[in-house]
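Have a look at the structure below before the remarks.
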Amino acid sequence: MVTKELNPTKPAPHPIGDSVPRIDAQEKVTGAAIYTDDFQFGPGLLYARIKRSPHPHALIKSIDVSKARKLPGVKAVVTGADFPGYLGLYLQDRHIFCRDRVRYVGDPIAGVAAVSEEIAEQALELIDVEYELLGVVGDPEYGASPEAPLLHPDLDKYACVPFIFPEAHTNISNHFKIRKGDVDSAWGDCAAIIERSYRIPHIQHVPIEPHVAIARAEQDGKVTLWSSTQSPFAQRNLIAKALGISQSDVRVIGHLVGGGFGSKAGVTMEALVVAIATKLPGQPIKLRLTREEEFVASFVRQGLVSHMKMGCDKDGKLLAIEFAYYWDGGAYTEYGVNVARAGGYSGSGPYEIPNIKIDSCCVYTNHPVSGPMRGFGHPEIHAGIEQCIDELAREISIDAVKFRKLNCIKDGSTLATGGIMHPTGLSTCIDKAAQAIDWGRKAPPSAPNKRRGKGIAIMWKAPAMPPNAGSSAWVELTEDGKVNVGVGGQEIGQGTFTVAAQMAAAALGVPASWVRVAYPVDTKYSPYEWQTVASRLTWSMGNAIAAAARDARQQILTLVAQAWNEDINDLDIVDGNVISYKTEESHSLKDLAIYGLPKPDGKGWIGGPIVGRGSFMPTYITGLDPETGQGERAAVHYTTGAQAIELEVDLDTGRVEILRAVAAFDVGKAINPEAVRTQMEGGLVQGISTALFEQLQLKDGFVQNPSLVDYRIATSVDVPAKLETIIVEVPQDDGPWGARGIGEHAMVPTIPAIANAIYDAIGIRPGEPPFSSERVYLAMVDAGIVE
Amino acid sequence: MATHQIYLTVNNSPEVVLVPSHMTLLQMLREKLALTGTKNGCAAGECGACTVILNGEAVNSCMVLAVECDGAQVTTIEGLAHDNLLDPVQAAIIDQSGVQCGFCTPGVLISSRALLDRQPNPTEEEIKEALLGNLCRCTGYTRLVDAVKDAARRQAQTMV
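Keeping their order, the protein sequence lines are chains A and B.
Under the working numbering, think of the first position of the first sequence as 7, with each following residue one higher.
Under the working numbering, think of the first position of the second sequence as 329, with each following residue one higher.
Listed below in structure tokens is the structure:
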């Protein structure tokens, strides 16, 4: 047996489950951290600006760029005529620059590169465009109707992945269906039925770092792109396709990302600057979006109209649901079609229900492009589901917590898609959240003009991705025996590099502090990663890292077994030392990491530089039947959780003040508990912000509030006085050390938890979020609660 | 385009800079002095990512013209640590897990430092008030408030 004598110093804590400090913290607090806009290109750098559509829907009759080209300082002006290719992750429905039609206010028409941003901006004014205005679609239900003008008459000709179902000659870019059991006859068995409709407005991600990208093309056609992105590899693939060049000729370098939340997934504005760069070989060109462009011309979260019918028997058992989701996908659908799909196959919410009919339609509208946002459709669907559940529980006179526990998915439950639920701690999350908020006990309000209430909401979410999205990693040792890990996932604030280091350390057998992560991610040198989205890195990239570290470990142990003439099964790596359980010999990794070991007979050397490799891709995702949405396994796994809120409503002003907020999530295994808690906290406050303050105000396709003054997000004074996070750990069978993701989930149930608490306080539902003071006050006036 | 030669002190270092009339302090720091720790989040005085200490007060550097800074004392995020020793606000924000994407972090730390310079023992309300102009989309602010409290304690201990 190995005893402590082999390692006289105190062993480092096991890297898994230890809240090690973030490995990027030091550089971030000193200003040394490099973000994309910080990278220096010297005085030859050119600047790009984009001419954008002033109309929500119009045909382009002519574009005249001759005057702009003549402006001194202008180096290039490009239009859609130069770039016939298509862009699109799932459905290729847009050109880099518009060619014959504009579909939203902000649609890119032309690009200018000049010696300064000011001159590029002046040149935009000199571009003359003639339009023929078309009818505007400003609502997804109208957009889905036969009367609506078509945004994409060529929809049936677009290239599309096999699991997305556009409907030709309509504005429906994807129609996902679930048909399970017999809904129509189930209603007759219900003791209580409710029907409700909900609207969720467009919001924006508001990363504090705006989108920025720099591109340089070479004479031989190769392209380098520096971008603030969650998806360096997807950008390589999609931009190469759109420009008709080889993926291996596109290099994408992704520095630290100053907030993503989905807005920097896939391709937003990066193809624009790459396209311009191809006309000016050898010259780097930078494109920065203004804050106004962030709101109108990057990605926004899709709006949603949902119609819900839900029924249960006399004991409160859910019998049937019939849901229709109309997603306001905006003018193009980089991700919208898959939001509709994910919101469809998880569209029942985390409940076991025998009879289900769901139609989830992504609809083109003349609104800004809807991208993915933290939660990927799930905050939107849960906003309605979890209010319906509360109302149905009330209707059948069962406590809201008890009703949820009765119906929620459990280990072995049959899912809406026909698959079977894996072990989950959802019931535990419900219990713990309820307990923490003192469920069932009502405290008196803090003042006579206030009303106090509590609400709860639960959630589930799976990583929404293609069935074969992969990850890879490498692990190499340096001269000092320490470890360098290569990954292709991006650090967007969630702490993934720190968790990557912990997992490599654990799998290899070294302290977490020994591991460095190779960044910035560079598609030329970093291993492939599909994208930093879907809360999938801890799980998917984690599996690749663990495999790479185990591979390195195997190489080391094989080498030492040979050099020491021992059985490999007697060897281990503990705290950075190779040890033999048999001979109790110990060897530091630094003595063998690069130069190998002498042969036992002393004649020469064996071994060499250690490089481990690993990759991971789920192989068990089956397709779903296009007509019924039924299949063996729709998603890899579900993270589940619950949030509970206590709040007060001010009867004089309508102001909602969150007093206490509790979040409990089953993360499988918390690799870094502090990182998990900070995700839960940050997500909860972002959820509160979307519930109380945020809405992209659109009028006839025009964004009315594209600034941080008119579009308010939560500030330091809006945070609840008490914020509690609870980690539940029911291991995931295919997750590294049992882990699954938590990034997005943290804001999924917040809107309905607050809406339910407002109902508990004042007896009415506030309608469409945000539940602003004005909206709540007017709702109270309408209901006669105040005069 | 008119340019002006200005003299100022940035992070205790004297600087002479040639600046166009319309150049902001933010642009001057990032583009003329390569101090890229100060971030540009909106260029409209709304997000606080570009906060610096100008003559003892936290300001949005995107709202100040560089020519106005002739003779000024400016502290940026690069000037907080001394002799390889982190400022208490920097050490505390790491220990309180207040760093996520890091883009608002420089502005938050500068606002925190300016607060502790004028009020070494702030109340929670004063801290929240001081950070009101610094938008953060990741942390939910609680860890940032905790960090300022922690920094105040550390600062008090080192001053004893």
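From the three backbone atoms N, C-alpha and C, an ideal C-beta is built for every residue, glycine too.
Only a predicted model underlies this, so the values are computations on that prediction, with no experimental measurement involved.
- By the criterion of a C-beta distance shorter than 6 Å, lysine 605 of chain A is surrounded in its chain by Ile612, once the five residues flanking it on both sides are discounted.
- Nearest to glutamine 537 of chain A by C-alpha distance, out of A:Glu633, A:Pro469, A:Tyr587 and A:Ile200, is A:Pro469.
- In the structure shown, isoleucine 733 of chain A falls within a strand segment according to DSSP collapsed to helix, strand and coil.
- In the three-state reduction of the DSSP assignment, cysteine 318 of chain A falls in the strand class, which pools E and B.
- Along the region 350-369 of chain B, going in chain order, the ones with a CB nearer than 9 Å to a CB of chain A are His350, Arg358, Ala362, Leu363, Thr364, Gly365, Thr366, Lys367, Asn368 and Gly369.
- For threonine 538 of chain A, no chain B residue has a Cβ inside 9 Å of its Cβ, as the nearest lies near 12 Å away.
- Listed along the chain, the chain B residues whose CB falls inside 8 Å of the CB of lysine 76 of chain A amount to none; the nearest CB is some 20 Å away.
- In chain order, Gly365, Thr366, Pro434, Leu437 and Ile438 place their CB closer than 7 Å to the CB of isoleucine 405 of chain B, counting only its own chain and leaving out the 5 sequence neighbours on each side.
- In this structure, glycine 149 of chain A sits away from threonine 430 of chain A, with a CB-CB distance that is not shorter than 8 Å.
- Taking a cut-off of 8 Å for Cβ pairs, the region 666-685 of chain A and the region 718-737 of chain A touch, as three or more such pairs fall below it.
- Interface with chain B (8 Å Cβ-Cβ cutoff): alanine 513 of chain A is excluded.
- Flagged as an interface residue toward chain B: threonine 721 of chain A, by a C-beta distance shorter than 8 Å.
- Beta-bridge annotation (DSSP): glycine 431 of chain A is not paired with any residue.
- Taking the Cα of glycine 461 of chain A as reference, the smallest distance to any Cα among A:Ala761, A:Ala727 and A:Ala54 is reached at A:Ala761.
- Residue-level contact by beta carbon fails for proline 450 of chain B and chain A, as no gap is shorter than 8 Å.
- With 16 or more other Cβ atoms inside 10 Å of its own Cβ, proline 758 of chain A counts as buried.
- In chain order, Gly373 place their CB closer than 6 Å to the CB of methionine 391 of chain B, counting only its own chain and leaving out the 5 sequence neighbours on each side.
- Between glycine 268 of chain A and glycine 377 of chain A, the gap from beta carbon to beta carbon is short of 8 Å.
- In the displayed model, leucine 603 of chain A falls within a strand according to three-state DSSP.
- The residues Ala697 and Ile757, in chain order, have a CB closer than 6 Å to that of proline 775 of chain A in the same chain once the five nearest residues on each side in sequence are set aside.
- For lysine 456 of chain A, the three-state secondary structure derived from DSSP is strand.
- Contact check for serine 366 of chain A and serine 203 of chain A: beta-carbon distance about 15 Å, past the 8 Å limit, so the pair fails to qualify.
- Non-local C-beta neighbours of serine 713 of chain A in its own chain, meaning closer than 7 Å and more than five positions away in sequence, comprise Arg297 and Glu298, ordered along the chain.
- Here glutamate 153 of chain A has no same chain residue with a Cβ atom under 8 Å from its own Cβ, once five neighbours each way along the sequence are excluded.
- Rounded to whole angstroms, the separation of the alpha carbons of glutamine 568 of chain A and isoleucine 585 of chain A is 14 Å.
- Between threonine 404 of chain B and chain A, the shortest Cβ-Cβ separation is below 8 Å.
- Within the region 96-156 of chain A, complete beta strand (DSSP E) segments of at least 3 residues are found at 114-120 and 134-139, given in chain order.
- For glutamine 401 of chain B, no Cβ of chain A is located within less than 8 Å of the residue's own Cβ.
- For the beta strand (DSSP E) assignment, the uninterrupted runs of no fewer than 3 residues enclosed by the region 634-664 of chain A are, from N- to C-terminal side, 645-656.
- Taking 4 residues as the shortest admissible run, the region 277-314 of chain A contains the following complete alpha helix (DSSP H) segments, listed from N- to C-terminal end: 297-303.
- Taking CB atoms only, serine 425 of chain B has a neighbour in chain A less than 8 Å away.
- Sequence-distant Cβ neighbours of tyrosine 357 of chain A in its own chain, meaning closer than 7 Å and more than five residues away, are Leu324, Asn413, Cys414 and Ile415.
- Proximity of the region 618-634 of chain A to the region 550-560 of chain A meets the contact definition, three or more beta-carbon pairs being nearer than 8 Å.
- By the C-beta density criterion, arginine 100 of chain A is buried, having at least 16 other C-beta atoms within 10 angstroms.
- Residues Asp106 of the same chain have their beta carbon placed closer than 6 Å to that of isoleucine 66 of chain A, with the five preceding and five following residues left out of the count.
- Lysine 320 of chain A and isoleucine 200 of chain A have their C-alpha atoms some 14 Å from each other.
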